[in-house]
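Student: Pasting in a structure now, in structure tokens, and then I'll have a few things to ask.
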Ligand SMILES: CC(C)(COP(=O)(O)OP(=O)(O)OC[C@H]1O[C@@H](n2cnc3c(N)ncnc32)[C@H](O)[C@@H]1OP(=O)(O)O)[C@@H](O)C(=O)NCCC(=O)NCCS
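Here you go:
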């Protein structure tokens, strides 16, 4: 998968050595409670997920965001087709890096890459109505709220080519 630079991180394919950081992320209830998993994941499931993500090929997928200065994993970001006709953006940031602008910096860079390099016309994202941090991140990156139901906010970023 293509490496992408942001001002403070390098987005790269995930590697086996990321497992410890992914376990820290995906076993943290505060982090997973707003995601599709809802509950902390077992280590073997996280290891399977890592293998599946490592095997993704092409221009879209799941990236590890590595901090340029300390080389640690800041979090993971996905931009890929899930169920919809357009790719979906998603992310998780390790707690020690929260509220320092990393999610907006990296998600914004991925949206630019998707639209301007891959010429994607539409990129989607969704989050819980109670997930204010995620809503603010998506809005700060320029995504528009297009629909909401009782539980979920649906966002889009569109470019005409
Ligand atoms: C959502 C998440 C990725 C945000 O990461 P982050 O790096 O802290 O976000 P940023 O620092 O770029 O902040 C972006 C905006 O969100 C706001 N924000 C961040 N955390 C917040 C919080 N806990 N409460 C309220 N606002 C918050 C920031 O103030 C900023 O808003 P602004 O543009 O008005 O200043 C991070 O909290 C996280 O990993 N959460 C758990 C996983 C998750 O919810 N993923 C998304 C599932 S859809």
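In our numbering, the protein residues as written are 62 to 222.
Backbone N, C-alpha and C fix where the C-beta goes; we use that ideal spot for every residue, glycine too.
Could you spell out the range, first to last residue, of the beta strand (DSSP E) harbouring residue 122?
Tutor: One-based indexing of the chain shown puts residue 122 at position 61. Looking at the DSSP string, the run of the beta strand (DSSP E) that includes residue 122 is 122-128.
Student: With a threshold of 7 Å (Cβ to nearest heavy atom), would residue 190 be considered close to ligand 1?
Tutor: Here residue 190 corresponds to residue number 129 of the chain shown, with the count starting at 1. Answer for residue 190: no, Cβ out of range of ligand 1.
Student: Tell me, please, which residues DSSP counts as bridged to residue 186.
Tutor: Counting from one through the chain shown, the residue named residue 186 turns up at place 125. Paired residues: 216.
Student: Which residues in the same chain as residue 215 place their Cβ atom closer than 6 Å to its Cβ, once the five residues preceding and following it in sequence are excluded?
Tutor: Your numbering for residue 215 matches position 154 in the chain shown. Excluding positions up to five away in sequence, the list reads 187, 207, 208.
Student: Under 8 Å, do residue 136 and residue 107 count as touching if we go by C-beta distance?
Tutor: Mapped onto the chain shown, residue 136 falls at position 75. Mapped onto the chain shown, residue 107 falls at position 46. The answer is no: Cβ separation not under 8 Å.
Student: On a Cα-Cα basis, can you pick out the residue from 141, 167, 156, 190 that is closest to residue 184?
Tutor: Taking the first residue of the chain shown as position 1, residue 184 is located at position 123. Answer by Cα proximity: 141.
Student: Quick one: does the C-beta of residue 216 sit closer than 7 Å to a heavy atom of ligand 1?
Tutor: Stepping through the chain shown from its first residue, residue 216 is reached at position 155. Checking the Cβ of residue 216 against ligand 1 gives no.
Student: Let me check understanding here. Comparing Cα to Cα, which of 195, 172, 105, 177 lies closest to residue 218?
Tutor: To locate residue 218, count along the chain shown from 1; it is residue 157. The shortest Cα separation from residue 218 among 195, 172, 105, 177 belongs to 172.
Student: Quick one: what's got a C-beta closer than 6 Å to residue 139's C-beta in the same chain, skipping five residues either side?
Tutor: One-based indexing of the chain shown puts residue 139 at position 78. Result list for residue 139: 123, 151, in chain order.
Student: For a test of your reading of the model: does the CB of residue 136 fall under 7 Å from any non-hydrogen atom of ligand 1? Yes or no.
Tutor: In the chain shown, the residue the question calls residue 136 occupies position 75. Flag set: Cβ of residue 136 near ligand 1.
Student: Specify the secondary structure class of residue 102 as computed by DSSP and reduced to three states.
Tutor: Taking the first residue of the chain shown as 1, we reach residue 102 at position 41. Correct three-state label for residue 102: coil.
Student: State yes or no: is the C-beta of residue 164 nearer than 7 Å to some heavy atom of ligand 1?
Tutor: Position 103 of the chain shown holds residue 164. Residue 164 Cβ: within cutoff of ligand 1.
Student: Can you check DSSP and say which residues form a bridge with residue 209?
Tutor: Taking the first residue of the chain shown as position 1, residue 209 is located at position 148. Answer by DSSP bridge pairing, in chain order: 214.
Student: Looking at C-alpha atoms only, which residue of 213, 99, 79, 164 is the closest neighbour of residue 194?
Tutor: As a first step, residue 194 must be located in the chain shown, where it is residue number 133. Checked all of 213, 99, 79, 164; the closest Cα to residue 194 is 164.
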